[in-house]
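Residue numbers (my numbering), protein chains in the order written: chain A, 69 to 299; chain B, 22 to 318.
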Amino acid sequence: MGGTVVEITRTNGEETETIGRAAYEHPLPVRLCHWANTIALFVLVGSGLQIFRAFPSFGAKIPQKDLLNWPKSFAIGGWLGGALQWHLTFMWIYMATGLFYLGYQLLSGNYRQVLFTPRDLPGVWPMVKHYFFFGPKPEVREAYNPLQKHAYTTVIGLGVLSVLTGLAVWKPVQFSWLAWLMGGFHRARLWHFLVMWAILAFVLGHLVMVLLHGWNNFVSILTGWKKDPEY
Amino acid sequence: MEPENIKPGSDNPKAGNSELTKPTAPPSTAPVSAPPQAVAPQVANVEQATPTIIRSKIERPSIDEHKFAKMSRRELLKVAPLLALGAFAIPRFQQALLMKGLRFSDWASARLFRQSLLAPTFADAHLTPFEKFPINDYDVDDPGVIFENWSLTVSGAVQRPGDYKLGQIQALPRVRQNTRHICVEGWDVIGRFGGARLSDFLSKIGADTSARFITVTCADDYYESLDMATALHPQTLLCYEMYDQPLTREHGAPLRLSVPTKIGYKQAKYLTDLKVTNVLQKVGYWEDQGYSSFYGL
């Protein structure tokens with residue numbers, strides 16, 4: 069697991085020495101999807117919050133109880149119509165990226181390094197202890213530890229949910245069964261909103277972990293190669 | 022480590038074999054004096070050539086640091102095409118790109134629309150009380166229609182153009198339905214709407230239903246359009262009643278559109294003119310400012 073590991077060598081005249089190792093962790097399709105999705109998600113969240121500003125409530129219109137007055141400067145689109153243009157454009161990029169990613173992972177078998185399976189369950193608690201309660205660091209044997217697999221698998225589910233809840237809000241007649249599954253149009257809109265915050269919570273955790281794990285880890289999602297992996 | 026890592030590039034087609042070489046034998050036994058490129062041909066079967074010398078080492082493919090740096094740069098460049106998305110940040114291209122996205126959404130929406138699929142209807146108990154049904158206008162609550170003089174002026178691709186009085190529309194079979202009215206802002210209400218099916222009225226006026234659009238204009242200069250598929254949908258009404266009472270002025274008396282398969286701004290009030298046409302000069306009041314043209318639900 070974890071892709072090919074190679075040794076990096078330096079040649080000085082007649083001497084060749086090993087100066088480090090590198091693992092190929094992220095195939096090109098995964099890297100492309102990661103960054104396309106980063107951009108799409110940024111636009112969708114920003115424009116979604118601008119759309120939300122038009123009716124920042126989840127109850128009845130009359131009387132209207134505003135839940136959150138999101139500042140305009142942290143939104144994309146400038147006005148409701150503009151925000152809808154961004155949202156309706158980037159949702160296609162988001163969905164295409166998601167479908168391509170899932171298709172690639174399944175067909176290439178690459179999903180095996182990241183999909184959380186029952187086999188990973190025993191490793192969850194030691195990782196939680198390490199991350200949150202200063203427990204000892206479990207041995208790293210794969211590109212993704214059980215907790216990472218759990219996070220990356222969950223966020224794919226959240227991505228699917230964001231599309232389904234979005235469809236229920238956008239097309240509550242054509243996909244009335246979806247809206248019904250979500251407890252009606254009102255609830256679908258609420259779910260769409262909550263799924264966004266859940267994805268943002270993942271993004272926050274993801275960014276913190278990237279900061280903690282340093283430059284080599286960040287470079288790997290650009291070049292595919294992670295220098296000096298822990299396994 | 023798993024055994025496949027011993028085979029060069031075994032599960033990694035991206036990193037070509039020419040990049041990855043087996044650990045070269047120690048300088049004392051192998052003449053590795055050539056520049057990095059010369060190392061590549063030595064991808065020989067190391068197990069066979071130097072089995073005893075490096076037995077203690079973990080056998081891994083190796084790569085020269087310069088080659089690794091070059092390969093990393095090349096892999097980075099492969100991600101660069103995504104910078105094309107940066108076109109969205111350039112003011113000159115931005116609006117055109119967003120319009121393409123919007124038009125694609127409209128195209129997809131029209132494909133998704135199924136004329137036979139009815140919008141959900143609701144029990145009376147779920148109705149929003151009439152007094153809590155929001156009134157949305159773009160300028161005035163009441164454009165001052167004089168009911169006695171009112172008629173719907175029909176033109177375009179129809180066999181019987183002319184002025185139609187409200188009584189002629191009310192003579193068509195009356196439909197009453199509790200449907201959801203959804204505003205583009207995000208709120209919604211369930212209302213009770215009554216009126217004549219637009220499809221019945223279109224037959225009455227002898228409309229060419231192979232035409233692409235219905236357009237309406239309103240007493241307050243609002244204007245709208247519907248695609249023919251939606252105009253012929255059985256729940257699309259020329260609405261003259263809400264909650265079993267004649268339309269009030271704020272809700273669009275004497276005649277408005279009620280289209281449960283469309284967003285709220287499509288449900289024009291105070292209708293004065295209706296035209297059947299293949300060409301849209303204008304789409305609608307909000308659409309022409311950048312909102313979705315189709316916006317089917």
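A virtual CB, placed ideally from N, CA and C, is assigned to each residue, including glycine. Quick caveat, the model's predicted, so the values are computed rather than measured.
Run of the beta strand (DSSP E) containing residue i, from where it starts to where it stops
i, result
"B:S279", "R277 to S279"
"B:D85", "S83 to D85"
"B:Y185", "G183 to Y185"
"A:W293", "W293 to K295"
Cα-Cα separation, residue i to residue j
i, j, result
"B:S224", "B:V297", "12 Å"
"A:E222", "A:L232", "Glu is not the amino acid found at residue 222 of chain A; the sequence shown has Thr there. Each residue's Cα considered, the two are about 15 Å apart."
"B:K99", "B:I156", "54 Å"
"B:S246", "B:Y316", "11 Å"
"B:L318", "A:K239", "4 Å"
"B:Q180", "B:T230", "11 Å"
"B:K186", "B:Q288", "20 Å"
"B:S220", "B:V280", "12 Å"
"A:G251", "B:E206", "20 Å"
"B:A232", "A:F184", "54 Å"
"A:F168", "B:L139", "33 Å"
"B:P72", "A:E83", "The predicted model places B:P72 with a pLDDT of 37, which falls under 50 and marks its position as unreliable; any figure quoted below should be read in that light. Rounded to whole angstroms, B:P72 to A:E83 spans 20 Å at the Cα level."
"B:A131", "B:K283", "11 Å"
"B:G183", "A:H102", "60 Å"
"A:K205", "A:I144", "41 Å"
"A:K197", "B:H254", "60 Å"
"A:I267", "B:E86", "38 Å"
"A:G227", "A:T291", "24 Å"
"B:K91", "B:I84", "11 Å"
"B:R195", "B:G227", "19 Å"
"A:G203", "A:H281", "17 Å"
"A:L152", "A:F120", "10 Å"
"A:R99", "B:Q136", "42 Å"
"B:A250", "B:L173", "22 Å"
"B:Y244", "A:V278", "53 Å"
Opposing strand residues paired with residue i [DSSP bridges]
i, result
"A:E85", "A:R78"
"B:N199", "B:R213"
"A:G116", "For A:G116, which the question treats as bridged, DSSP gives no partner whatsoever."
"A:V73", "A:A91"
"A:P227", "In the sequence under discussion, the amino acid at residue 227 of chain A is Gly, which differs from the Pro named in the question. DSSP output for A:G227 lists no bridge partner at all."
"B:G317", "B:K283"
"B:I235", "B:L247 and B:V297"
"B:A228", "B:V179"
"A:T106", "Beta-bridge pairing links A:T106 to no other residue."
"B:T142", "B:T200"
Terminal residues of the alpha helix (DSSP H) in which residue i lies
i, result
"A:Y169", "L148 to S176"
"B:L173", "Unbroken run through B:L173 is the beta strand (DSSP E), L173 to G177; no alpha helix (DSSP H)."
"B:N170", "Unbroken run through B:N170: none, as it is neither H nor E."
"B:W208", "Here B:W208 belongs to no alpha helix (DSSP H), and DSSP marks it neither H nor E."
"A:M195", "V192 to F201"
"A:F270", "F253 to H281"
"B:K121", "P112 to L133"
"A:S244", "S244 to L249"
"B:S220", "L219 to K225"
Close beta carbons around residue i, own chain, < 8 Å, minus the five adjacent residues each side
i, result
"B:I211", "F143, H147, L148, T149, N199, T200, R201 and H202"
"A:W293", "A90, A91, Y92, E93 and V287"
"A:P124", "D134, L135, L136, N137 and W138"
"B:G165", "A240"
"B:L104", "none"
"A:T72", "A91 and Y92"
"A:F270", "A219, T222, V223 and L226"
Cut-off 6 Å between Cβ atoms - residues of its own chain near residue i, not counting five sequence neighbours on either side
i, result
"B:F154", "V210 and G212"
"A:G191", "P214"
"A:V74", "A90"
"B:C260", "F214, G216, R277 and S279"
"A:I87", "I76 and R78"
"B:S314", "D127, V304 and E308"
"B:A274", "L268"
7 Å Cβ shell around residue i - same chain, five flanking residues per side excluded
i, result
"B:E271", "I156, D162 and D163"
"A:R257", "F126 and V237"
"B:D145", "N199"
"A:W259", "T233 and M250"
"A:M195", "P206, N213, P214 and L215"
"A:M163", "V231"
"B:F222", "I190, L193 and L259"
Contained alpha helix (DSSP H) runs [length at least 4] in the segment 237 to 301 of chain B, N- to C-terminal order:
Secondary structure within the segment 237 to 301 of chain B: the alpha helix (DSSP H) runs of 4 or more consecutive residues, fully enclosed, are 249 to 252 (chain order).
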